[in-house]
Structure formats: structure tokens, C-alpha cells
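This report refers to the structure that appears directly beneath it.
Protein chains: 2
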Amino acid sequence: MTTREARPRRPGEFALIAELFAPLSRGFPGAFGLTDDVAVLAPRPGHDVVLKTDSLIEGVHFLRSDPPQTIGRKALRRALSDLAAKGAEPEVYLLALALPEWPDSGWLRAFADGLAADQEEFGIALAGGETDATPGPVTITVTAIGYTPEGELVRRNGARPGDTVFVTGTIGDAAAGLLLAKGKVQASSAEHEFLLSRFRLPVPGLSFGRAMRKIASAAIDVSDGLLADLGHIAETSGVRIEVDAARIPLSEALGEFSGADVDARARAAAAGDDYEIGFTAAPTNEPEIAACARETLTEVTAIGSVVAGQGVRLLNASGQQIVVAKRGYTHF
Amino acid sequence: MTTREARPRRPGEFALIAELFAPLSRGFPGAFGLTDDVAVLAPRPGHDVVLKTDSLIEGVHFLRSDPPQTIGRKALRRALSDLAAKGAEPEVYLLALALPEWPDSGWLRAFADGLAADQEEFGIALAGGETDATPGPVTITVTAIGYTPEGELVRRNGARPGDTVFVTGTIGDAAAGLLLAKGKVQASSAEHEFLLSRFRLPVPGLSFGRAMRKIASAAIDVSDGLLADLGHIAETSGVRIEVDAARIPLSEALGEFSGADVDARARAAAAGDDYEIGFTAAPTNEPEIAACARETLTEVTAIGSVVAGQGVRLLNASGQQIVVAKRGYTHF
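One line per chain: the protein sequences are A and B, in this order. Yeah, the first sequence ends on 1079 if you go by this note's numbering, and it's all consecutive. Yeah, the second sequence ends on 1079 if you go by this note's numbering, and it's all consecutive.
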């Protein structure tokens, strides 16, 4: 762990960071207790190493008012969600932290506590890190490292005409949670809590991702918006994806909050930060998908189909295209 | 490659980034042309995977006025320098880029061109990346991934009393280059150019690092300041390191600029951004070290010795300790 200061901070604060983070590397001998320049991974035989880097920026992906326990966890979970969608199993992560003056030692402790909780939950460890002072916002860059059995990564490019399109979980909750976090809207207490937690603490579908590894023809982490992300599958697979708007799964809380008509579902499909898995599979695999869903306690919904052509289309009950004003994620 | 926007930017700019960066992934099939969620590395048999993450922040590690060609290269080279000091061979890197509004398309092109030049020079490729908009400074996080033969990483913790302490290259140039870059001081044209290039474009000692892998007892990337970094070797090895101030190697340009007396050498040893390799080895290995230095065209200087005790001491010609006001790197 190297720490560098752009300007004088509270005395001893970088020492505190080292003290808080070193225990997070326990359980991974190749981290050397964060006392060396690098980390070393002895790769798992018969497996590929899967790599993902992802940043979480104050004022872009989280709010200064968010509880610090959830901020590190969200940074970590976003990268884990990418691994999940590819059927990978996470092993370790690297952390690059750019800190302005405002986070105090209490914030830092809570941030590290959050990471510790998630390490426990997902069976991973901190392999290495770097802390720098910045004149800008808190910027957290996580590089997640995991494994898939050799050659078994689920790519974006395998969708074929005739495949069914699925998505895990529910869509649009986090976008509503963000509005609530910013105090722009109100909701009942139970809905508020649920939607806010979906914004602050996404749940990467690691178990389901591993289970569907040999069944899905293509998959993607739904983070930029369901339609935008299915568009990436369509583009790399050279196909068109048609989504039945009425089948886009909404949570009960979001239904209460925003309604559950086709327009509300279309808005949800154009929002972001869902961290669900969008995937395609041959219709003959549907029983196996249902079994994976049951075994991993994952809600999975068939929402459309893959056809010849290009692009992604959202269709109403009459099969007419719904034009969505803005596809994909817009941060605040 | 995923790009996310915090606010409207110039139209098409994120498409430009994708267009500029995709070619950088050629030569690494596991990058999938940056069209998937993750990158995949098929590990090299008999080798460990070496991991390092490192950030370069505008106003902290580089100036907005620095040529954009050198900025990406510096970010990359800082991480490669860590790999070099450990005897590792780099293979690929991941890039997380946080961009405010000011870098225009010309800047982005030049930034990518710089990376392309370094990829060619160091035989590496871009494996994956992420671009986010930020309300703060340009923040570039590189995660470098390389290999060492299984178990052959050169650690910080192997220095033993009786070992000799060495450093590659010259010390203090980059700190002087930074002062020049900020226009705080003046130097002759030739000195100016040399010292500025040492600040903007460090040269990771990859060849020497690999050559000394079985000879060095401990090694570290000298980036936070020679004394601070040798202090890390002393601490993790449980020894004391004594450095003879008169033997700290200064470049001719720095000698002209700052003088070359013991005080100037002490200041250089407390500066930072050198990206040289500090290492220790048994005196019996000195002929082999000299051979490695010749073969890799690397200047190597014996600057001190490892003794029982703790900490690092800078000594004058009489063997008395020189007290250095500030050890280690202070960014501007």
C-alpha cells in the first residue's frame, strides 16, 4: 500500500489508512500484508484469470451523504457484478483511492468496515492498493480479479436468432432510489428503504452467473440501462433484440412508487445502476434456466427474443415499437 | 470499454474515446477488442501473475500543461516501474479514466498516441478500460499485470546485515524537473530538457529488474524518495540501512542545476518520482550485478550497506548522520 499526499492532511491519517486496510488483505498471502510494491496471484490450474476495473466517483456514482459503509461496498459490488455476468468467481481485488480533505477518520473506518463485510460475504480479499490525495472528489477504483474454467467465459457475442432474452431480478429500482437519495421525490417508508438500498447496495448475481455459465449464449451486466446493455449484446452478436415492455420485471416497491404500466416499465428499462444480469439462451434451455433460478434463489424473467437484424427494440402489446427518449445511464 | 457521462459533454466524445482505445487492445485477444464486460488472461504456465494498481492525478502527479502524449505514458510507466523492481515482466494493463470537461479531442488523441507508443516500447497491450466523467481533475488509474517465474518475485523483506545497498540510474532529477515544469526555477536549455523529461517520462528498469531477479536479496521501486523507499526495505526486512550521502548518484544535469555536494545529494535522496530500483544484495554477488548492469545498459551504484538495527540513516564522510528535514515524496 503506497500513500501519497498532495497537501498536508490531518496528521497520521495516511498511517490510519494503512492500519485500516492491512487487515483486509488477510486471507490472501499474495498481498504480503500490503507491505510490498505488488501483489502476486498463483493462478488456479485449468482456469482463466478474469479482470475488470471500475471507478466510483463522488457526485457521479454516489453522494457525499451516502453512508460510508455502503460506498466501498458499492464500488466493489459494481466490479463483482461484471464478473457475475460473465460466470466468473471473484478471488481478490485491488483498490485505488483518491481522497480529498473531507473524509474524516470516522468515514474512513466505516468505509473499511463496509469492505470487510463484503469480503466476508463474497469470499474475497484485498490484494493491494494505493491511496492518493486529490483536489477533486472521492474517487474509488476497484480492479476485481476472478476465475472462470478455461474457455468458459460467457461472452456478449453469442446471441443467435431464436434465442430467448432474460433478465435477473427487477429493473429501475436504483434509479428511483437515487431520486429518493437526492430528496427530489418522496415515497412511503417501506418503499423508500427498499429503493434506496437498491441504489446504495446492489447485489451481484454471482451464484446465478456461475450456474448459467454453460447455458447462456450471451450475457451482460445490466448497469448502464437494460436497453442500452441489451443493445451491446445485439451489436456484438450481430442480431436484433426485441423486448416486450409489459414483461420488464418491476419490484412491488417501484410499482407503488412509479406505477407499473408500460410507460413506467419503459422508463425503468432506460434507467441504470441495476446490476442485474441480462442474457440470452436457446428456448430448449429454459427448464435448465428455471432450475438455476430456483437453486440460486434468483428471480429470472423472459422478456423478449433475439431475431435477425440489428439494434434493440422495445415493443408494446401490439408489437409496435415504443420510442424511449433516452437509452442508457445518465448520472446525476 | 464502458463510458459513463456525468453531464453532457461534447457530442460523440465518448464514442471517440472508444474509437481511440479499441486499437490499443490489438495484440491481446483476451481484451475482445474492448467489446465485453471483462478481459480474460490465460495465465503463463509456471508463472505467477503480478498485480499493481496506481493512480496519476492532475495537479498532484502531473500538470495540466504537460504534453498529453506524456501523461498516459507516465501513468503506465509508474505502474511498470513497480513491476520492474520486482523482476516481473509486464503483459497487459487496465485503464480507468476519469475525465472532466477540459480535455478536448486533440488531447485525447495525443493521450492515446502516447499509450500506443509505450505499448510498442514495452511489448504490452490494453486489456480493458472504463471512462467516467468527473467533476474533479483528470484521474488515470492503471492496473498493470505481469508475470514472474513461480516464486521468483523479488520482495522487500530479504535484506540481510552485510548486504550492499544499490540504486539504478540517478536520483533527484524528476523533483528538479517538476520545479522547472512549474516555472519556479530556471536552468540552461540542455539541463532543462533533460530534467523535465525525467519528470514527465520516467523509464521503468524492466530489463535490469528481470536480470537481477535471482541476485538481489530485496528490491523496491524508488518513487516516494530514495530514503523513504529504502526505509520500507529496512522495515519489512527488520534491518537498518546506512546510505553514504556522497555516493548518491546525481546526473550531470542535476549537478549543474543544484550542485553536487553532500547537501544536494541529501535533498535528492529525500525527493521523489525517480522510478529507479533500490535493492540489496550479498557482496559476493557484486560481479554478477556489474554484469547485469553492463548487459542491460543500466547505471548501478553501490550507495550503502545493510546492518543490524532498524530504520534508514544517511551518513556523511565522517560516518555522522545527516538529518534530512523531510523524507519521502511531497507532491505539489
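Even glycine gets a Cβ: it sits at the ideal position worked out from N, Cα and C. Only a predicted model underlies this, so the values are computations on that prediction, with no experimental measurement involved.
Extent of the continuous alpha helix (DSSP H) to which residue i belongs
| i | result |
| --- | --- |
| Glu1003 of chain A | 999 to 1005 |
| Val1009 of chain A | 1009 to 1017 |
| His939 of chain B | 936 to 947 |
| Ser964 of chain B | Run containing Ser964 of chain B: none; DSSP gives neither H nor E here. |
| Arg1060 of chain A | Element bounds for Arg1060 of chain A: not the alpha helix (DSSP H) but the beta strand (DSSP E), 1058 to 1062. |
| Ala975 of chain B | 973 to 984 |
| Thr911 of chain B | Counting along the chain, Thr911 of chain B falls outside any alpha helix (DSSP H), though it belongs to the beta strand (DSSP E) covering 911 to 915. |
| Pro817 of chain A | Here residue 817 of chain A turns out to be Thr, not Pro, going by the sequence shown. Here the alpha helix (DSSP H) through Thr817 of chain A covers 815 to 832. |
| Pro770 of chain B | Counting along the chain, Pro770 of chain B falls outside any alpha helix (DSSP H), and DSSP gives it neither H nor E. |
| Ser954 of chain B | 953 to 958 |
| Gly924 of chain A | 920 to 928 |
| Glu897 of chain B | That residue, Glu897 of chain B, is in no alpha helix (DSSP H); it is neither H nor E in DSSP. |
| Arg1041 of chain A | 1033 to 1042 |
Chain B contact residues for residue i, given Cβ-Cβ distances below 9 Å
| i | result |
| --- | --- |
| Ile764 of chain A | Here the premise fails: no neighbours, minimum Cβ distance about 14 Å. |
| Asp795 of chain A | Gly777, Val787, Leu788, Ala789, Pro790 |
Contact set between residue i and chain B, taken where Cβ atoms lie within less than 8 Å
| i | result |
| --- | --- |
| Val1059 of chain A | Per Cβ cutoff of 8 Å: no residues; Val1059 of chain A is ~16 Å from chain B at best. |
| Asp968 of chain A | Asp784 |
| Ala874 of chain A | Leu798 |
| Ala835 of chain A | Val785 |
Cβ-Cβ distance between residue i and residue j below 8 Å
| i | j | result |
| --- | --- | --- |
| Thr917 of chain B | Leu788 of chain B | no |
| Pro790 of chain B | Pro847 of chain B | no |
| Thr1048 of chain B | Phe955 of chain B | no |
| Val914 of chain B | Val839 of chain B | no |
| Gly806 of chain B | Pro882 of chain A | yes |
| Ala1015 of chain A | Asn1063 of chain A | no |
| Gly876 of chain A | Leu781 of chain A | yes |
| Ala874 of chain B | Ala765 of chain B | no |
| Asp948 of chain B | Arg820 of chain B | For the record, residue 948 of chain B in the displayed sequence is Leu; it is not Asp. Yes. Within cutoff. |
| Gly1104 of chain B | Ala831 of chain B | Nothing in the structure corresponds to residue 1104 of chain B, since chain B is present only between 748 and 1079. |
| Ala859 of chain A | Leu767 of chain A | yes |
| Leu974 of chain A | Val1059 of chain A | yes |
| Gly834 of chain B | Glu899 of chain B | yes |
| Leu862 of chain B | Leu925 of chain B | no |
| Ile871 of chain A | Val796 of chain A | no |
| Ala921 of chain B | Asp1020 of chain B | yes |
| Leu997 of chain B | Val912 of chain B | no |
| Ala843 of chain A | Thr888 of chain A | yes |
Per DSSP, cross-strand counterpart(s) of residue i
| i | result |
| --- | --- |
| Phe869 of chain B | DSSP lists no partner for Phe869 of chain B. |
| Ala845 of chain B | B:Asp879, B:Thr886 |
| Ile703 of chain B | Since the first residue of chain B shown is 748 and the last is 1079, residue 703 of chain B is not available in this structure. |
| Phe809 of chain A | A:Glu805 |
| Leu788 of chain A | B:Val796 |
| Ala891 of chain B | B:Lys799, B:Tyr840 |
| Val1070 of chain B | Per DSSP, none; premise fails for Val1070 of chain B. |
| Thr1048 of chain B | B:Val914 |
| Val969 of chain A | A:Glu1023 |
7 Å Cβ cut-off: residues of chain B touching residue i
| i | result |
| --- | --- |
| Thr983 of chain A | Thr782 |
| Ala845 of chain A | Ser802, Ile804, Thr886 |
| Leu974 of chain A | In chain order: nothing, as chain B lies at least about 15 Å away. |
| Leu1062 of chain A | Going along chain B, no residue has its Cβ under 7 Å from Leu1062 of chain A, so there is no contact; the nearest lies around 26 Å. |
| Leu841 of chain A | Leu798, Thr800, Thr890 |
N- and C-terminal bounds of the beta strand (DSSP E) containing residue i
| i | result |
| --- | --- |
| Thr782 of chain B | That residue, Thr782 of chain B, is in no beta strand (DSSP E); it is neither H nor E in DSSP. |
| Gly1025 of chain A | 1023 to 1028 |
| Lys799 of chain B | 794 to 804 |
Partner residues on chain C for residue i, Cβ-Cβ distance less than 7 Å
| i | result |
| --- | --- |
| Leu900 of chain B | Absent from the structure is chain C; the protein chains it does hold are A and B. |
* With 8 Å as the limit, tell me which residues of the stretch 876 to 889 of chain B have their beta carbon closer than that to any beta carbon of chain A; keep them in chain order. => Gly876, Glu877, Asp879, Ala880, Thr881, Pro882, Gly883, Pro884, Thr886, Thr888
* Determine which residues of the stretch 798 to 832 of chain A have a Cβ less than 7 Å from any Cβ of chain B, and write them out in chain order. => Leu798, Lys799, Thr800, Asp801, Ser802, Ile804, Gly806, Val807, Asp829, Leu830, Ala832
* Using Cβ-Cβ distances below 8 Å, what residues of the stretch 903 to 936 of chain A are close to chain B? -> Arg903, Asn904
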